[in-house]
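Trainee:
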Amino acid sequence: MVDVTHGGPISGGTASGAAPAFEVGEPDLYHPRSWVTKYVFSQDAKVIAIQYGLTAMAIGLVALVLSWLMRMQLAFPGLLPFIDADHYYQFITMHGMIMVVYLLTALFLGGFGNYLIPLMLGARDMMFPYLNMLSYWIYLAAVLLLVAGFFVPGGPTGAGWTLYPPQAILANTPGQSWGIVVMLASLMLFIIGFTMGGLNYVVTVLQGRTRGLTLMRMPLTIWGIFTATVMALLAFPALFVGAVMMLFDRLLGTSFFMPAIVVTGEQAPYGGGSPILFQHLFWFFGHPEVYIVALPAFGIVSDLISTHARKNIFGYRMMVWAIVGIGALSFVVWAHHMYVSGMNPGFGFFFATTTLIIAIPTALKVYNWVLTLWRGDIHFTVPMLFALGFIVTFINGGLTGLFLGNVVVDVPLSDTMFVVAHFHMVMGVAPILVIFGAIYHWYPKITGRMLDTTLGKIHFWMTFLGAYLIFFPMHYLGLLGVPRRYFEMGETAFVPASAATLNVFITITALVVGATQMLFLFNLAWSLRHGREAGGNPWRATTLEWQTPETPPAHGNWGAERPVVYRWAYDYSVPGAPQDFLPQNDPGPDLASSGETVAEGVR
Amino acid sequence: MPIAIVLGLVVVGSVLFHFLSPWWFTPIASNWGYIDDTINITFWITGAVFAAVVLFMAYCLLRFRHKPGRRAAYEPENRRLESWLAIGTAVGVAAMLAPGLVVWAHFIRVPAGATSVEVVGQQWQWAYRLPGKDGRLGAADTREVNDTNPLGIDPNDPNGRDDVIVQGGELHLPVGKPVALLLRSLDVVHDFFVPEFRAKMDMIPGSVTYYWLTPTRTGSFEVLCAELCGVGHPYMRGTVVVEAEADYQAWLAQQQTFEQMQAPAQTGALN
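For the protein sequence lines, the chains are A and B, in the order given.
For the first sequence, position 362 matches number 362 in the numbering used here, and the numbering has no gaps at all.
For the second sequence, position 118 matches number 721 in the numbering used here, and the numbering has no gaps at all.
1. The beta strand (DSSP E) spanning Asp794 (chain B) covers which residue range?
2. Cα separation between Arg787 (chain B) and Val203 (chain A)?
3. Got a sec: is the Cβ-Cβ distance from Ala743 (chain B) to anything in chain A below 9 Å?
4. Use the C-beta contact count for Trp626 (chain B): other C-beta atoms within 10 angstroms, 16 or more gives buried, fewer gives exposed.
5. Find out if the Cβ-Cβ distance for the pair Asn396 (chain A), Phe653 (chain B) is shorter than 9 Å.
6. Which of helix, strand or coil does DSSP assign to Leu816 (chain B)?
7. Using 10 angstroms around the beta-carbon of Lys803 (chain B), count the other beta-carbons present and answer buried if the total reaches 16, otherwise exposed.
8. Closest to Trp539 (chain A) by C-alpha separation, out of A:Trp283, A:Gly149, A:His379, would be which residue?
9. Taking Cβ positions only, does Pro496 (chain A) come closer than 9 Å to chain B?
10. Report the CB separation of Arg217 (chain A) from Trp568 (chain A) in whole angstroms; it is logged as a contact under 8 Å.
11. Could you say which of A:Gly299, A:Gly536, A:Asp586 lies nearest to Pro549 (chain A) if we only look at CA atoms?
12. Taking Cβ-Cβ distances below 7 Å as the criterion, which residues of the stretch 690-711 of chain B are in contact with chain A?
13. With the cut-off set at 9 Å, would you say Gly208 (chain A) and Ala676 (chain B) are in Cβ contact?
14. Mind listing the chain B neighbours of Phe472 (chain A)? Cutoff is C-beta to C-beta under 8 Å, in chain order.
15. Just curious, the beta strand (DSSP E) that Arg840 (chain B) is in, first and last residue?
16. Tell me the DSSP secondary structure of Gln547 (chain A) in three-state form.
17. Expressed to the nearest angstrom, what Euclidean distance is found between the alpha-carbon atoms of Ser274 (chain A) and His793 (chain B)?
18. Determine the extent of the alpha helix (DSSP H) in which Ser135 (chain A) is found, giving its start and end residues.
19. Shorter than 8 Å, the distance from the beta carbon of Ile222 (chain A) to the closest heavy atom of the ligand ADP, or not?
20. With burial defined as no fewer than 16 other Cβ atoms inside 10 Å of the residue's Cβ, what is the status of Asp750 (chain B): buried or exposed?
21. Glu721 (chain B) touches chain A at which residues, Cβ-Cβ below 9 Å?
22. List the residues of chain A whose Cβ lies closer than 7 Å to the Cβ of Ser624 (chain B), in chain order.
23. If I measure Cβ to Cβ from Val409 (chain A) and keep anything under 7 Å in the same chain, skipping five residues before and after, which residues do I get?
24. Report the option in B:Trp815, B:Ala742, B:Ser633 whose CA atom is closest to the CA atom of Gly755 (chain B).
25. Run through the DSSP bridge pairs and tell me what Ile439 (chain A) is partnered with.
26. Can you tell which of A:Ala228, A:Ile446, A:Gln517, A:Ser341 has the C-alpha that lies nearest to the C-alpha of Ala297 (chain A)?
27. Can you give me the C-alpha to C-alpha distance between Glu289 (chain A) and Pro818 (chain B), rounded to a whole angstrom?
28. Which residues in chain B have a C-beta closer than 8 Å to the C-beta of Gln73 (chain A)? List them in chain order.
29. With a 10 Å radius around its C-beta and 16 neighbouring C-beta atoms as the bar for buried, classify Pro166 (chain A) as buried or exposed.
30. Output, in chain order, the set of chain B residues within a Cβ distance shorter than 9 Å of Ala294 (chain A).
31. From this set, B:Arg840, B:Ile638, B:Ile648, which residue's C-alpha is nearest Val618 (chain B)'s C-alpha?
32. Quick check on this structure: which residue in A:Pro32, A:Phe112, A:Thr93, A:Asp86 has the alpha carbon closest to the alpha carbon of Leu54 (chain A)?
33. Determine, using beta carbons only, whether Gly370 (chain A) comes closer than 9 Å to chain B.
34. Of all Cβ atoms in chain A, is any one closer than 9 Å to the Cβ of Ala853 (chain B)?
35. Work out the CA separation of Val513 (chain A) and Gly315 (chain A) for me, nearest whole Å.
36. On the three-state DSSP scale, how would you describe Met450 (chain A)?
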């Protein structure tokens with residue numbers, strides 16, 4: 001078996017005597033001297049993680065309110081007089097962009113990445129703490145610039161989150177004067193900030209692991225975040241150049257994406273550009289982006305299921321290769337978003353094939369999660385409930401992806417509500433359920449206190465069932481042919497009156513599900529003071545973040561000595577062990593290696 | 604424990620909803636019943652997988668829920684099981700992909716006898732151009748667009764003189780005859796979508812895209828724009844009337860040609 005270690009003891013259970021010293025001395029940490037350098041301009045990854053998390057949740061609330069407003073319009077057209085077509089398109093655009101980029105990407109990578117990478121790897125901090133701090137502040141600037149879009153003349157852009165030119169920069173699209181410029185500038189800032197953080201995560205995973213923690217012993221959470229970060233570093237530049245080129249088209253009169261066109265009866269001063277080039281650049285970023293959100297969720301949910309089912313994750317190596325394989329394949333499937341875009345239709349054969357091939361590693365991950373439950377010792381904790389909810393919504397959303405990925409099936413369904421239902425189920429609801437599960441799971445480590453279980457269960461049931469009721473029936477509107485991005489349907493021959501009833505039902509459910517999130521926010525705030533004391537390892541978990549000498553972990557994480565790792569992250573219910581879990585830094589009781597022999601080849 | 608029951612109910616509810624839902628495909632009016640068939644195959648395969656995996660999961664939750672003294676099994680991996688699952692999934696995927704690609708090959712190859720009809724999108728209306736007596740459409744370019752030449756037909760191309768132009772009206776098509784829709788946009792990206800035809804394709808300014816179909820039943824069908832094209836997007840509607848050949852010819856004879864359209868302007872210039 002190939003040994004991917006960087007030296008140090010790696011054979012589990014056999015470490016007798018003191019561990020040898022680190023070959024290289026530890027770099028000195030930056031030590032904050034004031035409240036400001038400790039909590040505001042902090043270089044501690046844990047504080048930066050919380051800053052990222054809170055900022056992402058705050059902007060996420062804006063997106064939530066926007067979704068309420070657009071649902072109100074769809075169910076009760078004209079009821080809220082301030083929602084005209086301009087505003088509606090501005091709301092859907094901002095909702096989409098916020099959710100995909102500023103919330104999901106930032107929360108998984110900037111939030112969970114920052115908190116968990118150093119702790120799960122036994123590191124004291126990220127490799128480049130100063131850059132890490134800059135990353136957050138540039139992200140905050142990007143968010144503020146995005147919000148500024150609401151206050152500039154003409155409001156934010158209403159071009160749809162895909163920002164397709166020529167429409168995005170033409171005069172009769174809302175937000176054409178300022179909004180689109182602000183949006184593109186904010187995206188560029190986001191990408192710059194993310195690159196600083198992203199390089200940090202990659203280097204820390206490759207160089208910052210503690211002794212004994214080989215790559216193939218890392219928790220799947222880290223594998224997911226690591227792979228997603230590598231992908232983001234490769235995918236975001238495509239969006240960046242797309243944004244630069246569109247800014248030039250808008251501000252300097254270039255024609256990268258602008259062919260000769262006629263606007264309000266006049267020949268516009270453009271010519272020779274290609275609108276579809278932007279679509280390629282956008283989706284070359286946009287499809288990996290789906291997995292940039294999904295892979296950290298895959299990783300985290302694997303760890304939640306394993307911990308709360310008290311059982312090792314089934315098929316660890318397959319899970320790792322599936323993550324890496326999905327990450328690689330996701331760069332050759334982007335044009336499945338463009339089957340009906342007017343690109344050369346011959347491309348359809350290639351992209352349909354690659355897209356459906358990706359279903360295989362993805363399905364294997366689902367099987368392995370379910371097989372982890374098989375013969376487990378399943379505790380229905382709140383994180384576990386959210387993980388189970390994720391599996392259901394992800395299977396559902398993943399399977400409808402097989403419709404849309406299969407080129408000819410996509411033809412009638414593309415640009416209908418079926419697409420809206422599909423991507424909300426698979427990359428909206430599913431990853432957000434993981435985020436909730438992860439917060440319920442790690443909140444005790446972050447704060448030292450447990451979140452309230454009763455509130456958590458109410459939150460879970462309302463969110464999971466509500467979201468399913470919103471998005472499952474929506475697919476059928478798409479089958480009927482109801483298009484997406486319609487401010488109002490009006491009288492349309494093929495749409496029966498019952499579709500309006502369904503829209504009312506979806507809207508009311510959405511309002512309730514949205515309101516339920518306030519319960520979650522209340523729980524977060526209330527438990528900070530009043531939650532039950534958690535202790536260091538309330539879930540009896542194996543991974544390193546639960547083995548810190550202090551909870552919440554102090555600056556530098558590990559006290560005098562960094563931990564040494566002796567085993568993989570999944571030694572739950574090892575036969576012969578006195579407890580049903582063996583922490584990664586536990587040299588192990590003298591088991592006569594019973595667990596190790598079973599785990600042979602897994603490490 | 605309750606979650607096991609709820610997950611079972613989610614499966615039962617989803618399947619019932621699928622069969623009882625009043626929302627389903629519109630009655631098809633083109634030859635693309637193949638697409639419906641492919642969707643139905645996909646529904647059967649994915650539905651079976653969804654039900655099987657979620658029900659199995661519900662069973663696990665019920666059977667292996669925590670009880671005092673219970674301890675999980677220790678089984679890191681099972682190569683054989685994982686391989687079989689991978690193979691089974693690959694077979695299922697191939698069963699959906701193969702018919703899909705065959706139908707796609709059919710979809711993108713316009714049959715030799717198809718008549719060409721041009722659809723032109725412009726914020727936020729549809730215009731159509733049909734070949735005149737010569738059976739050919741003249742060349743066109745957005746740069747040629749002006750008040751008297753709204754579709755930008757090349758005035759120097761003799762093939763374009765007798766082209767029939769329909770602006771802001773209905774498009775009529777003869778039933779049972781294959782037609783290739785050549786799609787052109789003068790400003791932003793639009794998409795010519797008739798749900799009953801199942802087919803759609805974006806129209807991109809600066810290029811000509813296409814799809815083809817054979818209308819299979821007469822009737823009047825609503826056209827929608829299916830690609831966000833600005834605030835007027837939901838109002839960009841139109842009507843396609845599929846009728847018998849004789850009715851179609853009668854309609855066609857009443858439409859004005861490019862030449863007729865130009866005539867009043869030329870007279871004006873002479874005065």
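Quick reminder that beta carbons are idealized off the backbone N, C-alpha and C, glycines included.
Mentor: Considering the structure as presented:
1. Along the second sequence, one-based indexing puts residue 794 (chain B) at 191. Its beta strand (DSSP E) spans residues 793-796.
2. The count along the second sequence starts at 1 and reaches residue 787 (chain B) at position 184. The count along the first sequence starts at 1 and reaches residue 203 (chain A) at position 203. Just so you know, the alpha carbons of Arg787 (chain B) and Val203 (chain A) end up roughly 49 Å apart.
3. For the purposes of this step, residue 743 (chain B) is taken as residue 140 along the second sequence, with counting starting at 1. For Ala743 (chain B), the nearest beta carbon of chain A is not closer than 9 Å to its own beta carbon.
4. Position 23 of the second sequence, counting from 1, holds the residue named residue 626 (chain B). Buried, because 16 or more other Cβ atoms sit within 10 Å of the Cβ of Trp626 (chain B).
5. Position 396 of the first sequence holds residue 396 (chain A). Position 50 of the second sequence holds residue 653 (chain B). Yes. Within cutoff.
6. Stepping through the second sequence from its first residue, residue 816 (chain B) is reached at position 213. Leu816 (chain B) falls in the strand class under three-state DSSP.
7. As a working mapping, residue 803 (chain B) is identified with position 200 in the second sequence. Buried.
8. In the first sequence, residue 539 (chain A) corresponds to position 539, counting from 1. Answer by Cα proximity: A:His379.
9. Taking the first sequence and counting its residues from 1, the one referred to as residue 496 (chain A) is at position 496. Taking Cβ atoms only, chain B reaches closer than 9 Å to Pro496 (chain A), which makes this a yes.
10. For the purposes of this step, residue 217 (chain A) is taken as the residue at position 217 of the first sequence. For the purposes of this step, residue 568 (chain A) is taken as the residue at position 568 of the first sequence. About 5 Å separates the beta carbons of Arg217 (chain A) and Trp568 (chain A), which is inside the 8 Å limit, making them a contact pair.
11. The sequence position of residue 549 (chain A) within the first sequence is 549, counting from 1. Of A:Gly299, A:Gly536, A:Asp586, the smallest CA-CA separation from Pro549 (chain A) is found for A:Gly536.
12. Legend: CB atoms of the stretch 690-711 of chain B lying less than 7 Å from CB atoms of chain A belong to residues Thr692, Ala693, Val696, Met699, Leu700, Gly703, Leu704, Val706, Trp707, Phe710, Ile711.
13. Reading the first sequence from its first residue, position 208 is the one you call residue 208 (chain A). Reading the second sequence from its first residue, position 73 is the one you call residue 676 (chain B). Cβ atoms of Gly208 (chain A) and Ala676 (chain B): not closer than 9 Å.
14. Counting from one through the first sequence, the residue named residue 472 (chain A) turns up at place 472. In chain order: Ser617, Phe620.
15. On the second sequence, residue 840 (chain B) is found 237 positions in, with the first residue counted as 1. Where Arg840 (chain B) is concerned, the enclosing beta strand (DSSP E) stretches over 840-846.
16. Position 547 of the first sequence, counted from the start, is the residue given in the question as residue 547 (chain A). Gln547 (chain A) carries a helical assignment under DSSP once its states are collapsed to helix, strand and coil.
17. Along the first sequence, one-based indexing puts residue 274 (chain A) at 274. Along the second sequence, one-based indexing puts residue 793 (chain B) at 190. Between Ser274 (chain A) and His793 (chain B), the C-alpha separation is close to 15 Å.
18. Along the first sequence, read from residue 1 onward, the residue named residue 135 (chain A) stands at position 135. For Ser135 (chain A), the enclosing alpha helix (DSSP H) has its first and last residue at 129-148.
19. For the structure depicted, the ligand ADP is absent and the ligand set is empty, with no information on it obtainable.
20. Position 147 of the second sequence holds residue 750 (chain B). So Asp750 (chain B) counts as exposed.
21. Reading the second sequence from its first residue, position 118 is the one you call residue 721 (chain B). Result: empty, since nearest Cβ-Cβ is about 14 Å, beyond 9 Å.
22. Taking the first residue of the second sequence as position 1, residue 624 (chain B) is located at position 21. The contacting residues are Tyr476.
23. The residue given as residue 409 (chain A) occupies position 409 in the first sequence. These residues qualify, in order along the chain: Phe403.
24. The residue given as residue 755 (chain B) occupies position 152 in the second sequence. Of the candidates B:Trp815, B:Ala742, B:Ser633, B:Ala742 places its Cα closest to the Cα of Gly755 (chain B).
25. Looking up residue 439 (chain A) in the first sequence gives position 439. Partner(s): none; Ile439 (chain A) has no beta bridge.
26. Indexing the first sequence from 1 puts residue 297 (chain A) at position 297. A check of alpha carbon separations from Ala297 (chain A) across A:Ala228, A:Ile446, A:Gln517, A:Ser341 identifies A:Ala228 as the nearest.
27. Residue 289 (chain A) sits at position 289 when you count from the first residue of the first sequence. Residue 818 (chain B) sits at position 215 when you count from the first residue of the second sequence. Glu289 (chain A) and Pro818 (chain B): Cα-Cα distance of roughly 40 Å.
28. To locate residue 73 (chain A), count along the first sequence from 1; it is residue 73. Annotation: Gln73 (chain A) has no Cβ neighbours in chain B at a cutoff of 8 Å; minimum Cβ distance is about 11 Å.
29. Indexing the first sequence from 1 puts residue 166 (chain A) at position 166. With 16 or more other Cβ atoms within 10 Å, it is buried.
30. Against the first sequence, residue 294 (chain A) aligns to sequence position 294. Residues of chain B passing the Cβ test: none, with the nearest at roughly 18 Å.
31. Stepping through the second sequence from its first residue, residue 618 (chain B) is reached at position 15. Nearest C-alpha to Val618 (chain B): B:Ile648.
32. The residue you call residue 54 (chain A) lines up with position 54 of the first sequence. The residue with the shortest Cα to Cα distance from Leu54 (chain A) is A:Phe112.
33. By one-based count along the first sequence, residue 370 (chain A) stands at place 370. Per the sequence presented here, residue 370 (chain A) reads as Val, with Gly not at that position. It does; some Cβ of chain B falls within 9 Å.
34. For this step, residue 853 (chain B) is matched to residue 250 along the second sequence. Judged by the 9 Å Cβ criterion, Ala853 (chain B) is not in contact with chain A.
35. Taking the first residue of the first sequence as 1, we reach residue 315 (chain A) at position 315. Taking the first residue of the first sequence as 1, we reach residue 513 (chain A) at position 513. Taking the CA atoms as reference points, Gly315 (chain A) sits about 35 Å from Val513 (chain A).
36. Locating residue 450 (chain A) in the first sequence gives position 450, counting from the first residue. In this structure, Met450 (chain A) counts as coil in the three-state DSSP scheme.
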